[in-house]
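This is how it looks when you write it as structure tokens:
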């Protein structure tokens, strides 16, 4: 359209840009092209918004990345490069024959979670059934083999069992000294285990951090002479329970269903009194439909504490 309004002879006659722009016909053509471009951009934005509404995780991607995925949806390599932005713990997936199914997920540290059954690559599907099944199996086992389960499953099962054991003590059916002794024995067993496998080493480190925290909780309960599951020392803890065929997290009056979002096996956050206060504040805010904004010096665990809570609901 612009070419029809601007011939080579016009340029030869007067090649100055100002003169060319002053041509009325060219100005109208440019305005028309600009209007068409704006309408195309608006339609594209609406299209991308529809895709994000259908699959909200696409909000984690910029327009260019989303267009790349939509334009090359049959190319596994392209999809793999964006997985970390969509799913925090997943670095790669293992495709089956024909790239029509996913058989396993991998973390950035190399941990592999084999899905209980291959998942078809279809729209609007997020599979958590494998982690749910593994969690229930690990919770039922008294002597869990760390090599068999993903780190996330091991830690969740340990937290559920600890809450169960603590409440048995608080109800009077067990003794705190025996519970603490059992935790210390478990801690010694894990710390004395020598492993060369990097993934298994990360699992044991995560379990060790959890058990150290559990021993600290037991000491708090003993020092406060706690004798009821309703006491503040116990209620303020982030606790995990099996309800039906799922797990829920509770803290004071708040309750959240565990969503089994795979988090990988990244190094775990060390529990401190400050992180416990942060968890308490954030869970209470979330239960009231509010948010939270941790404030403090750099490197104190603000972001990591928020990540821990955000992985629950």
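Numbering (full-length UniProt numbering), first residue to last: 1 to 313.
By construction, the Cβ of each residue, glycine as well, lies at the ideal position given by its N, Cα and C atoms.
On a predicted model such as this, the values are computed, not experimentally measured, just so you know.
Between the CA atoms of residue 291 and residue 133 - distance to the nearest angstrom: Rounded to whole angstroms, residue 133 to residue 291 spans 31 Å at the Cα level.
One question on the structure: do residue 104 and residue 93 come within less than 8 Å of each other, judged by their Cβ atoms? Taking 8 Å as the Cβ cut-off, residue 104 and residue 93 qualify as a contacting pair.
Residue 151 burial status per 10 Å Cβ neighbour count (16 or more: buried): By the 10 Å Cβ count, residue 151 comes out buried.
Judging by CA-CA distance, which residue of 261, 88 and 102 is the nearest neighbour of residue 76? Among 261, 88 and 102, the Cα nearest to that of residue 76 belongs to 102.
If you measure between the beta carbons of residue 186 and residue 212, is that distance less than 8 Å? Against a cut-off of 8 Å, the Cβ pair of residue 212 and residue 186 comes out as no contact.
Pick helix, strand or coil for residue 144, following the three-state DSSP scheme. Residue 144 falls in the coil class under three-state DSSP.
Since residue 343 contacts residue 89 with CB under 8 Å, what's their CB separation in whole angstroms? Given a span of 1 to 313 for the chain in the structure shown, any question on residue 343 remains unanswerable.
Tell me which residues share the same chain as residue 272 and place their Cβ nearer than 8 Å to its Cβ, disregarding the 5 neighbours each side in the sequence. If we look at residue 272 and ignore the five residues flanking it on each side, its Cβ neighbours are 301.
Quick one, which of 207, 35 and 196 has its alpha-carbon nearest residue 320's? Because the chain here runs from 1 to 313, residue 320 falls outside it and cannot be looked at.
Indicate the three-state DSSP secondary structure (helix, strand or coil) for residue 249 in the structure shown. DSSP, reduced to helix, strand and coil, places residue 249 within a strand of the structure shown.
Under 8 Å by Cβ, that's how I've got residue 60 and residue 86 pegged, so tell me the actual separation to the nearest angstrom. Between residue 86 and residue 60 the Cβ distance is about 6 Å, and since that is below 8 Å, they are a contact.
Residue 263 (DSSP reduced to helix, strand or coil): The answer is coil: DSSP assigns residue 263 none of H, G, I, E or B.
Please classify residue 145 as buried or exposed, where buried requires at least 16 neighbouring CB atoms within 10 angstroms. By the neighbour-count rule (16 or more Cβ atoms within 10 Å), residue 145 is not buried but exposed.
Considering only the alpha carbon of each residue, which of 221, 197 and 251 lies closest to residue 180? With respect to the C-alpha of residue 180, the residue from 221, 197 and 251 having the closest C-alpha is 221.
Rounded C-alpha distance that separates residue 240 from residue 100: In a straight line, the C-alpha of residue 240 is about 36 Å away from that of residue 100.
Within 10 Å of its beta-carbon, does residue 148 have 16 or more other beta-carbons around it, so buried, or fewer, so exposed? Burial call: exposed.
Could you compute how far the alpha carbon of residue 51 sits from the alpha carbon of residue 81? If you take the alpha carbons of residue 51 and residue 81, they lie about 19 Å apart.
Only counting the same chain, and skipping five residues up and downstream in sequence, which positions put a Cβ closer than 8 Å to that of residue 253? Hits under 8 Å: 284 and 287.
Reducing DSSP to helix, strand and coil, say where residue 196 ends up. Coil.
Sequence-distant residues of its chain with Cβ nearer than 8 Å to residue 296 (five each side left out): Same-chain partners within the cutoff: 302.
Reduced DSSP category for residue 297 - H, G, I as helix; E, B as strand; rest coil: When DSSP states are grouped into helix, strand and coil, residue 297 belongs to the coil group.
Going along the chain, which residues of its own chain have a beta-carbon closer than 6 Å to the beta-carbon of residue 162, five neighbours each way excluded? Excluding sequence positions up to five before and after residue 162, its CB lies within less than 6 Å of the CB of 214, all in the same chain and listed in chain order.
Assuming residue 280 contacts residue 307 (C-beta within less than 8 Å), just tell me the rounded distance between them. With a Cβ gap of about 16 Å, residue 280 and residue 307 do not count as contacting.
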